[in-house]
Amino acid sequence: MFLLLGVVCAVISVNDRDDDRSIRGRTGEAMAELSGKVAIITGSASGVGEATALLMASRGAAVVVADINVRGARDTVGAIEALGGRATACEVDVCDERAVQGMIDLAMSTYGRLDILHNNAAALGDDVLGRDLDLVTMTVELWDRTMAVSLRGVMLGCKYALPPMLAQGQGVILNTTSVAGQTGDVKRAAYGSAKAGVDTLTKYVATMYGKQGIRCNAIAPGLILSPPAIANLTPEMLDAAFRNRLLSRAGTPGDVAALAAFLASDEAGFITGQTFNVDGGVLAHHPAYSQNVVIG
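Going by the numbering used here, the sequence shown runs without a break in its numbering and finishes at 452.
Here it is as structure tokens:
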């Protein structure tokens, strides 16, 4: 069942030691730019969210690993702990307002502050994305479900993360969107429309709260070979994607995580209101590129 009512949040591990040298020693002091910060990452049981949780933890952040798949969230927590980091698992349905509020409350009660929210959860399962095919045959239920997870979930995250961030005088909100929100395609109109909404919401949050110390940016992945993506890709889709890349390899969750960790850090302190594509250059070229045709 995709949607849950309410919230079940469980503290899997709380490690308040000042000495977190074990995990940071792997990256060196120069990479510990998130030390002392607290991050919530939704959709972090696998894929991009998991990679981001691991990377932010490796750079010193305490991480709330939030996902509807609590078993996967606990696995991510275990991986962070194995490297000496601090993490807490939270089972959350981002469509549910009470659940999202509970997620924020968990971060505050466990760690006492909230510095980073990464709204990363999306409706990528075959029961949603796999049915997002044609507008004529699309059900209103499918449209609403996609919007609930991929757009309303982001709004709810912002709504409840902003008060503690504003009280602190600073905070960073990152939203995972998609290149699907910037282009047209022959299917997945609901998903693309939701992600276009995330792009716009990002600009509004940055504009409304920038003077109060809040930065908000979006990350738009292209084809990233995460488990959910692989499960929904046909050989024909992979071939088309590879022909349109400008780089010689496929994207990985780590590519997105690296940008997220940078944008969450103080090093990105003058960057806000932007959407950054992580797509291997797919949207940077003329459409004829994939046919090896030069149009003058």
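We put the beta carbon where it would ideally sit given N, CA and C, even for glycine.
Best match in the options for proximity to residue i [C-alpha to C-alpha]
i	options	result
asparagine 331	Asp435, Arg242, Leu419	Leu419
proline 377	Gly205, Gly228, Thr333	Thr333
leucine 210	Val226, Gly192, Gly234	Gly234
glycine 353	His441, Val412, Ala304	Ala304
glycine 325	Asp252, Ser382, Lys367, Cys251	Lys367
asparagine 400	Ile370, Ala440, Leu381, Ser382	Ala440
asparagine 433	Gly192, Ala345, Ala416, Asp249	Ala416
valine 250	Gly337, Cys314, Gly425	Cys314
lysine 343	Ile370, Val292, Tyr365	Val292
tyrosine 347	Leu280, Gly216, Ile370	Leu280
isoleucine 370	Tyr267, Gly327, Gly268, Val335	Gly327
aspartate 341	Ile329, Ala323, Ala396, Gly410	Ala396
alanine 350	Met364, Tyr316, Val284	Val284
alanine 323	Asp271, Leu381, Gly337	Asp271
arginine 454	Val256, Leu307, Thr232, Met321	Nothing can be reported for residue 454: it is not among the residues displayed for the chain, which extend from 157 to 452.
valine 438	Leu402, Ser214, Ala255, Met212	Leu402
proline 443	Thr339, Val256, Glu392	Thr339
alanine 385	Ala243, Asp282, Ile427	Asp282
methionine 212	Thr244, Lys193, Phe398, Ile427	Lys193
serine 149	Ser265, Cys372, Asp355, Arg215	Outside the displayed range of the chain (157 to 452) lies residue 149, so it cannot be described from this structure.
threonine 266	Cys372, Ala255, Ala243, Tyr365	Ala243
glycine 216	Ser191, Asn225, Ile224	Ser191
DSSP-derived helix/strand/coil call for residue i
i	result
isoleucine 179	Bear in mind that the predicted position of isoleucine 179 carries a pLDDT of just 47, short of 50, making it unreliable; the figure below should be weighed with that in mind. Helix at isoleucine 179.
threonine 232	helix
isoleucine 386	helix
threonine 302	helix
threonine 333	coil
valine 170	Residue confidence for valine 170 is low, a pLDDT of 36 falling below 50, so the modelled location carries little weight; the figure read from the coordinates is stated next. Note: valine 170 maps to coil in three-state DSSP.
leucine 273	strand
alanine 278	coil
threonine 198	strand
glycine 410	helix
alanine 346	helix
alanine 217	coil
valine 457	Any answer about residue 457 is impossible in this case: the structure gives the chain only from 157 up to 452.
alanine 186	With a pLDDT of 48 at alanine 186, under the threshold of 50, the modelled position of this residue cannot be trusted, and the question is left open.
glycine 327	strand
isoleucine 260	helix
leucine 398	Here residue 398 is phenylalanine; the residue named in the question, leucine, does not match the sequence. DSSP places phenylalanine 398 in helix when its eight states are reduced to three.
aspartate 254	Reading the sequence as shown, one finds arginine at residue 254 and not aspartate. Helix, per DSSP.
threonine 363	helix
aspartate 128	The question about residue 128 has no answer here: the residues shown for the chain are numbered 157 through 452.
aspartate 283	coil
serine 191	coil
arginine 242	coil
glycine 205	helix
phenylalanine 426	coil
serine 421	coil
glycine 313	helix
threonine 339	coil
Integer Cβ distance of residue i from residue j, believed to fall under 8 angstroms
i	j	result
glycine 407	leucine 389	Contact flag wrong, Cβ pair sits at about 13 angstroms.
glycine 429	threonine 358	7 angstroms
serine 404	glutamate 189	Serine 404 to glutamate 189, Cβ: 30 angstroms. No contact.
glutamate 253	leucine 312	6 angstroms
threonine 431	alanine 374	4 angstroms
valine 204	alanine 413	7 angstroms
glycine 410	alanine 229	Their Cβ separation, rounded to whole angstroms, is 19 angstroms, which puts glycine 410 and alanine 229 out of contact at 8 angstroms.
valine 361	aspartate 435	Their Cβ separation, rounded to whole angstroms, is 23 angstroms, which puts valine 361 and aspartate 435 out of contact at 8 angstroms.
alanine 195	aspartate 288	About 30 angstroms separates the two Cβ atoms, so there is no contact after all.
Beta-ladder partner(s) of residue i, from DSSP
i	result
phenylalanine 432	Ile375
isoleucine 370	Gly327
isoleucine 380	Gly407
Indicate whether the contact test is met: 3 or more Cβ pairs, each with one atom in the stretch 290–301 and one in the stretch 237–249, closer than 8 angstroms.
-> no
Specify whether the stretch 269–287 and the stretch 196–207 touch according to this definition: at least 3 beta carbon pairs, one from each stretch, less than 8 angstroms apart.
-> yes
Does the pairing of the stretch 255–270 with the stretch 212–231 give three or more beta-carbon distances under 8 angstroms?
-> yes
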